[in-house]
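Heads up: the structure comes next, in structure tokens.
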Amino acid sequence: MGSGEVLVGVGFSQLRREGEPLITAKPVDGGYLLNGVVPWVTGWGIFHEFIVAATLFDGSAVFGMIPLKQEEGLGFSEVAELAAMPSTNTIAVKLNNWFLANEFVVFIKQPGWIHEQDKRNVLKATFLATGCALAGLDIIEEISHKKNLLSINNALDLLSQELDNCRSGIREAQQNVSASFAEKLDLRAWTIDLATRISHAAVTVSSGAANYKHHNAQRVYREALVYTVTGQTRDVMNSTLERLTRVESKSITYSQVIHLSHIIDTSIPQWQADPNVEFMTVAERERQGYYLRRFAMGEHSATHISS
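Under our numbering, think of the first position of the sequence shown as 780, with each following residue one higher.
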């Protein structure tokens, strides 16, 4: 699998569910008897096998290889009709006293393993949502050249800057061993929020054309739905809902924000060999409650202007 010579599907997300396990494993001579339903298995007609996880009596989980083909003890559903990414050929698999021989066991994990894994890797799936957001920005930028509307250009600038800030926060958290789980959860929820808002903005600027099923804006919008729930845990769900229902600050509104830096022409005449005029974002309204940009220009040009 590591070399790519063998491709397998996966079917162990059910371990995240609370309550009675969907798939159980009973130790028998030479292996285990598996019973239950695997609700999500990827790769029907693509892969020859998939890795299943079944719960043992003590709460630990045995992972093993199962063939993706009709055999006694295995039942396969029709390919699921998904809102996005149907090419994964996702199905449900029913196991009826399926014998998993020891030689096909991949490993056994202790009780609660997947929850610990999810906490350690809470930022691991953020690249999916940020990639979706970037695709949405590409659509908005393309349409901005066609429609040439100030509102589209402003939205593109603001959303691009917010996404940059989010990605910077993720990189810092990944490199900071003392970053708390709560901070990482907030970043995960932020990427989900951005993916949905930016893809929604892509639909908005695409106007009625976004109704077409194969329009890029609609595809990205539907993919944002997928990434909202990919690897979702109870903590991720709660954090996402908190972000989606957060109360906006009443101390400042869009109508009160004056971007004075917008009236400065970045192409003003400058002293030869001086660096270009540059603006750097210092604070974002969404995070700090106000918007601030730092303005920098060459020393000689600044002296010339002041005189």
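Backbone N, C-alpha and C define an ideal beta-carbon position, used for all residues, glycine too.
Cβ-based burial, residue i [other Cβ within 10 Å; buried from 16]
i	result
ASP808	exposed
THR905	buried
ASP936	exposed
VAL984	buried
ARG1025	exposed
GLN889	exposed
VAL785	exposed
LEU928	exposed
LYS925	exposed
ILE870	buried
Own chain, CB closer than 8 Å to residue i, minus 5 neighbours either side, in chain order
i	result
ARG796	none
ALA880	GLY809 and GLY810
CYS945	THR909, LEU966, TRP969, THR970 and LEU973
GLY948	LEU966 and TRP969
ALA958	GLU951 and ALA952
Beta-carbon proximity list for residue i, same chain, < 7 Å, skipping 5 on both sides
i	result
LEU907	TYR1006 and THR1009
LYS898	PHE960
ALA980	GLY915, ILE919, ALA934 and LEU938
LEU1071	VAL1061 and ALA1062
SER986	none
SER856	ILE870 and ALA871
Residue i versus the options, residue with shortest Cα-Cα distance
i	options	result
ASN1098	LEU835, THR970, LEU929 and GLU828	One cannot answer for residue 1098 here, as it falls past the ends of the chain, which runs 780 to 1086.
MET844	HIS827, GLU857, SER856 and GLY838	HIS827
VAL831	PHE842, GLY891, VAL982 and GLU784	PHE842
GLY838	ILE893, ASN1055 and VAL901	ILE893
VAL885	GLY852, ILE870, PHE829 and GLU951	PHE829
GLU799	ALA833, TRP823, PRO846 and ASN955	ALA833
VAL999	ALA912, GLU921 and GLU962	ALA912
PRO846	LEU801, VAL787 and LYS925	VAL787
GLU921	ASN995, SER957 and THR867	ASN995
THR975	GLY824, LYS925 and LEU1023	LEU1023
GLN896	MET1016, MET1059 and THR1012	THR1012
GLU860	THR821, PHE883, GLY891 and GLU882	THR821
ILE887	PRO806, GLN1051, GLN997 and MET1059	PRO806
LEU726	PHE883, SER930, ASN932 and TYR991	The displayed coordinates of the chain run from 780 to 1086. Any statement about residue 726 would go beyond what the structure contains.
C-alpha gap between residue i and residue j, whole angstroms
i	j	result
GLN953	SER978	26 Å
GLU1002	GLN793	21 Å
ALA862	LEU1004	8 Å
TRP877	GLU850	10 Å
GLU1021	ASP1014	11 Å
ALA840	VAL816	15 Å
GLY790	ILE802	11 Å
SER923	PRO865	30 Å
THR1032	ASP943	Interpretation of THR1032 is limited by its pLDDT of 46, a score under 50 that renders its predicted location unreliable; the figure taken from the coordinates is listed afterwards. So the alpha carbons of these two residues sit roughly 22 Å apart.
LYS903	HIS993	29 Å
ASP1053	ASN900	46 Å
GLY852	ALA989	45 Å
ALA804	THR1019	34 Å
ASN875	LYS848	14 Å
LYS963	MET1016	13 Å
ASN932	VAL982	15 Å
TYR991	VAL858	23 Å
Other residues of its chain near residue i: CB distance less than 6 Å, five sequence neighbours each side excluded
i	result
GLY854	LYS873
Those runs of the beta strand (DSSP E) which lie wholly inside the stretch 875-931 and span at least 3 residues: 884-888
Contained beta strand (DSSP E) runs [length at least 3] in the stretch 934-982, N- to C-terminal order: none
3 or more residues per run - each beta strand (DSSP E) lying fully within the stretch 825-872: 828-834, 840-846 and 853-855
Ordered list of beta strand (DSSP E) runs contained in the stretch 985-1028, each at least 3 residues: none
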